[in-house]
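What follows is a set of notes on a single structure, which appears directly below.
Protein chains: 2
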Amino acid sequence: MGIVERKERQRKEVRDSILHAAWQIVHDDGWQTLSIRKIADAIEYSVPVVYDHFENKEAILSEFNRQGFKLLGDRLKEAKDKHPKAAIQLEAIAIAYWDFAFGNKEYYQLMYGLGMPTCESLNSVPELSAFIGVIYSTIEELIKEGNNKTAEPWLKVHSFWSMIHGLVSINLLSTQPAHLGLTPDEFNKTILKDFTKGFLKGLAE
Amino acid sequence: MGIVERKERQRKEVRDSILHAAWQIVHDDGWQTLSIRKIADAIEYSVPVVYDHFENKEAILSEFNRQGFKLLGDRLKEAKDKHPKAAIQLEAIAIAYWDFAFGNKEYYQLMYGLGMPTCESLNSVPELSAFIGVIYSTIEELIKEGNNKTAEPWLKVHSFWSMIHGLVSINLLSTQPAHLGLTPDEFNKTILKDFTKGFLKGLAE
DNA sequence: TACCTTTACTAACGCTGTTAGGAAAAAATA
DNA sequence: TATTTTTTCCTAACAGCGTTAGTAAAGGTA
Chain A
156 MGIVERKERQ RKEVRDSILH AAWQIVHDDG WQTLSIRKIA DAIEYSVPVV YDHFENKEAI
216 LSEFNRQGFK LLGDRLKEAK DKHPKAAIQL EAIAIAYWDF AFGNKEYYQL MYGLGMPTCE
276 SLNSVPELSA FIGVIYSTIE ELIKEGNNKT AEPWLKVHSF WSMIHGLVSI NLLSTQPAHL
336 GLTPDEFNKT ILKDFTKGFL KGLAE
Chain B
156 MGIVERKERQ RKEVRDSILH AAWQIVHDDG WQTLSIRKIA DAIEYSVPVV YDHFENKEAI
216 LSEFNRQGFK LLGDRLKEAK DKHPKAAIQL EAIAIAYWDF AFGNKEYYQL MYGLGMPTCE
276 SLNSVPELSA FIGVIYSTIE ELIKEGNNKT AEPWLKVHSF WSMIHGLVSI NLLSTQPAHL
336 GLTPDEFNKT ILKDFTKGFL KGLAE
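These protein sequences, in sequence, are chains A and B. All residue numbers for the first sequence refer to my numbering, where the first residue is 156 and numbers rise by one. All residue numbers for the second sequence refer to my numbering, where the first residue is 156 and numbers rise by one.
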């Protein structure tokens with residue numbers, strides 16, 4: 156008699172409906188508004204039932220976190236496998252990464268812990284343009300000095316800023332283990348200098 | 156008679172004490188635990204007093220957001236002004252940026268909206284290493300093909316990943332305006348390709 | 001039918017941001 | 001100085017949150 160099987164099946168159905176409802180809420184109103192009570196309401200069960208399937212709210216988020224990285228990995232692999240040469244593969248990976256992030260903002264935000272309280276900002280902070288200005292003026296100067304006069308300063312500024320911010324934020328989210336016998340700080344400053352070197356070469360042509 | 160002046164001074168004192176208390180809480184236990192009640196408790200006033208000085212919690216965070224960008228801008232300017240040549244200035248800026256971020260984690264996290272619910276992770280997600288693997292294998296292949304055999308794949312992987320993530324997350328936080336007559340998407344994909352090109356050059360030596 | 005296990009509920013605890021309304025203190029006026 | 005007005009500040013509440021203890025009902029077993 157398949158009683159236990161049916162029970163297991165029903166259990167899984169409820170679990171899936173929790174994830175489905177959660178995703179709907181996140182999709183509609185963002186991670187910040189996701190709550191256990193809303194999920195319970197959506198699946199037409201009481202609150203403690205949710206806790207029979209997930210230890211706590213974080214466990215639900217973890218599930219999506221995993222899904223997100225799985226999906227991203229798959230997309231990168233797909234993009235890579237479309238081309239035979241590694242050089243072209245790398246660009247395809249970059250584009251695929253970009254498309255994933257913007258085609259699945261909810262996933263990406265969760266995966267990298269984006270989306271804190273004051274996130275509307277960035278645009279509305281006057282101090283931001285002042286700090287960008289420091290980078291801008293330096294790069295402007297470099298273009299003036301170099302041979303690559305057609306280089307677009309804004310483009311280069313964004314590239315430079317992005318690189319550093321990416322490096323920083325990845326390291327702020329997870330404490331990297333030691334690589335190559337270097338401390339994480341040494342390792343990352345090596346990346347920083349390596350990148351700056353390549354960046355300068357791109358400006359000097 | 157300086158009654159209004161004294162009142163204004165006292166008002167400012169309370170306002171400052173709110174910010175001071177808030178900063179202490181954030182420094183001790185992180186942004187996630189900051190609450191109006193805790194602030195009120197720390198300044199030995201009741202909750203509504205806080206609302207006499209800040210419209211809401213976000214206004215307090217905005218204040219620190221501004222401070223953060225101001226401080227970052229100043230640090231970058233300092234670093235820049237220590238050197239005469241733009242090329243060296245740029246590296247100094249990169250290092251100063253890094254040092255600011257890790258010397259002022261609280262500011263940086265707020266400024267870039269880092270620090271969501273499931274942020275312990277990144278390390279504990281098995282799917283992450285799978286997705287990194289796709290990038291790793293491609294770069295490994297490129298090093299094998301190129302002339303720069305001593306290039307460190309891990310270093311390059313982190314550099315590549317950081318660049319894309321930085322670009323993505325900055326664009327997810329704020330919708331960039333159109334630059335150079337390109338849509339933001341076009342603009343950023345140009346950066347992406349430009350960066351990939353330079354990156355490849357660095358691998359080929 | 002009597003028993004036991006599973007399932008799902010109500011109700012609570014201690015938090016959160018935010019605000020309405022009233023008491024007390026300070027200042028201004030008479 | 002006494003009275004009135006204004007400012008200051010607090011208590012208490014609303015509505016929401018994650019989480020859990022304790023209980024009633026339903027399902028399966030003997």
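Where a beta carbon is used, it is the ideal one built from N, C-alpha and C, also for glycine.
Three or more Cβ pairs closer than 8 Å define a contact, and the segment 314–329 of chain A falls short of that threshold against the segment 214–229 of chain B. Here the alpha carbons of Ile-158 of chain B and Val-323 of chain A stand approximately 49 Å from one another. When DSSP assignments are scanned along the segment 250–332 of chain B, the uninterrupted stretches of alpha helix (DSSP H) that are 4 or more residues long and fall wholly within it turn out to be 260–266, 281–300, 308–328. Separation of the CB atoms of Glu-261 of chain A and Val-181 of chain A is rounded to 5 Å, and the pair is thereby assigned contact status at 8 Å. The beta carbons of Ile-248 of chain B and Leu-231 of chain B sit closer together than 8 Å.
In the DSSP annotation of this structure, the continuous segment of the alpha helix (DSSP H) that includes Tyr-206 of chain B starts and ends at 202–208. Within chain B, the residues placing a beta-carbon under 8 Å from that of Trp-316 of chain A are Gly-321, Ile-325, ordered along the chain. By the CB criterion at 8 Å, Leu-337 of chain A and Leu-245 of chain B fall outside the cutoff. The beta-carbon separation of Lys-235 of chain B and Val-289 of chain A, rounded to 6 Å, stays under the 8 Å limit for a contact. If you check the CB distance, Thr-293 of chain A and Ala-241 of chain B come in under 8 Å. Bridge pairing for His-334 of chain A: A:Leu-337 [DSSP]. Taking a C-beta cut-off of 9 Å against chain A, the contacting residues of the segment 324–343 of chain B are Ser-324, Ile-325, Asn-326, Leu-327, Leu-328, Ser-329, Thr-330, Gln-331, Pro-332, His-334, Leu-335, Asp-340, Phe-342, Asn-343, listed in chain order.
Look at Lys-304 of chain B: its C-beta is not under 8 Å from any C-beta on chain A. In the three-state scheme derived from DSSP, where H, G and I count as helix and E and B as strand, Gly-185 of chain B is classed as coil.
Segment contact: the segment 332–352 of chain B against the segment 304–311 of chain A, three or more CB-CB distances shorter than 8 Å; contact assigned. In the three-state DSSP reduction, His-238 of chain A falls in the coil class, being neither helix nor strand. DSSP, reduced to helix, strand and coil, places Gly-223 of chain B within a helical segment of the structure shown.
Met-266 of chain A has its alpha-carbon roughly 22 Å from the corresponding atom of His-208 of chain A. Residues of chain B with a Cβ closer than 8 Å to the Cβ of Val-289 of chain A are, in chain order, Gly-228, Leu-231, Lys-232, Lys-235, Ile-248.
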